[in-house]
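Below is one structure, written out as structure tokens, with a few remarks after it.
In this note's numbering, the protein residues as written are 24 to 380.
Shown next, in the form of structure tokens:
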């Protein structure tokens, strides 16, 4: 596997002709060409109903990680703009809030991957935030239908639209206790140039060696936050950030991003023993939800276009800081935040320090 810090830009695979039957009359009509692969695709849409520690609420906020990931990816690239797509199950009766779909369309995100699911509502949950930042998610649907819900959050690769199924770059969240390695394998087989995963929760119990290798080696980039990383190991609470990165690299992670909240982030290329660390470039904190997703989207998109991990770190840090200043996905278009994001990326570059293990 090529080192992500030196990986060339991924080229789109040759177009394949569809299997549409050829109409024959006096002449033969050529088959319709397949759509070009998306640059970046992500999964999962959840409608969040937010409850804050002071009792205030905000309903029908677009969440789930996929939209935030794509915001980070789109913000990280000015020219040429990236083509973005979301693959996720939505309710079969049209219950997905109109404003959620409109945000995706307004940001030129391909929504052909929004898959109506019969007899299921759009995934929706209460998000309850305490004063200290702790967040509790409470599903607003029958949790006895957990398998059906999981299939909506991360649809099987076989159900993806073709331009998403063979995208150049894909990022999605996984349960560390049962990582979806089959999706990563399917994406690679379809020609995806770079796969990236992040845990969407802490591990229920520390992982044994086999499960740890399955998780850390599932994709090209493994990007937990510090709390998630510590939960993977029996002695995780006693490990330094550098030790955590070393353990995950030893378990098969090719490129590690360790997201450390207000302490910034660290990225490491195991193949080159090359790492970088930079502090947070956030100016204010409004809501932490989705910041990690935005970081991951920007980092993965950057690497997939041939940037090194140091540049990916700067762009990802800037994208996360913009997300941090909004409740839910930022309402404006990418260009509204681009200039400020570029200033923050420059600050991150200036503060970045190299390390090796």
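Even glycine gets a Cβ: it sits at the ideal position worked out from N, Cα and C.
Check residue i in the structure and name its three-state DSSP category.
i           : result
residue 196 : strand
residue 356 : coil
residue 189 : coil
residue 248 : strand
residue 51  : Reliability of the predicted coordinates at residue 51 is poor, the pLDDT of 42 falling under 50, and no value is obtained from them.
residue 280 : strand
residue 131 : coil
residue 153 : coil
residue 86  : strand
residue 236 : helix
residue 350 : coil
residue 370 : helix
residue 148 : strand
residue 65  : strand
residue 274 : coil
residue 226 : coil
residue 174 : helix
residue 319 : helix
residue 361 : helix
residue 211 : helix
residue 169 : helix
residue 313 : coil
residue 345 : helix
residue 308 : coil
residue 242 : coil
residue 330 : coil
residue 216 : coil
residue 294 : coil
residue 45  : Confidence at residue 45 is low in this model, with a pLDDT of 25, below 50, so the placement of that residue should be treated as unreliable; the coordinate-derived value is given next. Reduced to three states, the DSSP call for residue 45 is coil.
residue 336 : helix
Strictly by DSSP, which residues pair up with residue i?
i           : result
residue 257 : DSSP, once it has assigned bridges, lists no residue as partnering residue 257.
residue 300 : 289, 376
residue 325 : For residue 325, which the question treats as bridged, DSSP gives no partner whatsoever.
residue 266 : BP columns for residue 266 are empty, so no partner.
residue 221 : 196
residue 80  : 74
residue 139 : 113
residue 183 : Beta-bridge pairing links residue 183 to no other residue.
residue 161 : 149
So residue i and residue j are in contact, right, with Cβ under 8 Å, and what is the actual spacing, rounded?
i           : j           : result
residue 281 : residue 255 : About 12 Å; that fails the 8 Å criterion.
residue 83  : residue 176 : Their Cβ separation, rounded to whole angstroms, is 18 Å, which puts residue 83 and residue 176 out of contact at 8 Å.
residue 109 : residue 172 : 17 Å between Cβ atoms; not a contact.
residue 343 : residue 318 : 4 Å
residue 89  : residue 66  : 5 Å
residue 98  : residue 367 : Contact flag wrong, Cβ pair sits at about 10 Å.
residue 304 : residue 341 : 6 Å
residue 186 : residue 133 : 7 Å
residue 352 : residue 91  : 6 Å
residue 105 : residue 323 : Actually they are not in contact, since the Cβ atoms of residue 105 and residue 323 sit about 11 Å apart, beyond 8 Å.
residue 238 : residue 264 : Not quite, the Cβ-Cβ distance comes to about 18 Å (not below 8 Å), so this is no contact.
residue 358 : residue 345 : Contact flag wrong, Cβ pair sits at about 12 Å.
residue 147 : residue 64  : About 23 Å; that fails the 8 Å criterion.
residue 115 : residue 79  : The pair is not a contact, with the Cβ atoms about 32 Å apart (cut-off 8 Å).
residue 136 : residue 60  : Not confirmed; about 13 Å, so no contact.
Is any heavy atom of the ligand MG found at a distance shorter than 7 Å from the C-beta of residue i?
i           : result
residue 360 : Looking at this structure, you won't find the ligand MG or any other ligand, since it has none at all.
Contiguous alpha helix (DSSP H) assignments of at least 4 residues, all confined to the segment 88-128:
89-98
Can you confirm whether the segment 148-162 touches the segment 122-137 when touching is taken to mean that 3 or more C-beta pairs between the two stretches lie within less than 8 Å?
no
Answer yes if the segment 286-303 comes into contact with the segment 359-377, meaning at least three C-beta pairs across the two stretches below 8 Å, and no otherwise.
yes
For the segment 305-313 against the segment 203-213, are there 3 or more C-beta pairs whose distance is under 8 Å?
Touching, no, given that fewer than three Cβ pairs across the two stretches are closer than 8 Å.
Would you be able to state if there are at least three C-beta pairs under 8 Å between the segment 283-291 and the segment 256-272?
yes
Do three or more CB pairs link the segment 160-170 to the segment 189-200 at distances below 8 Å?
Result no; under three Cβ-Cβ pairs closer than 8 Å.
For the 8 Å Cβ check, are there 3 or more pairs between the segment 241-255 and the segment 210-221?
yes
Segment contact, 8 Å Cβ cut-off, at least three pairs: the segment 328-337 with the segment 248-263:
Three or more beta-carbon pairs separated by less than 8 Å are not found between the segment 328-337 and the segment 248-263, which leaves the two stretches without contact.
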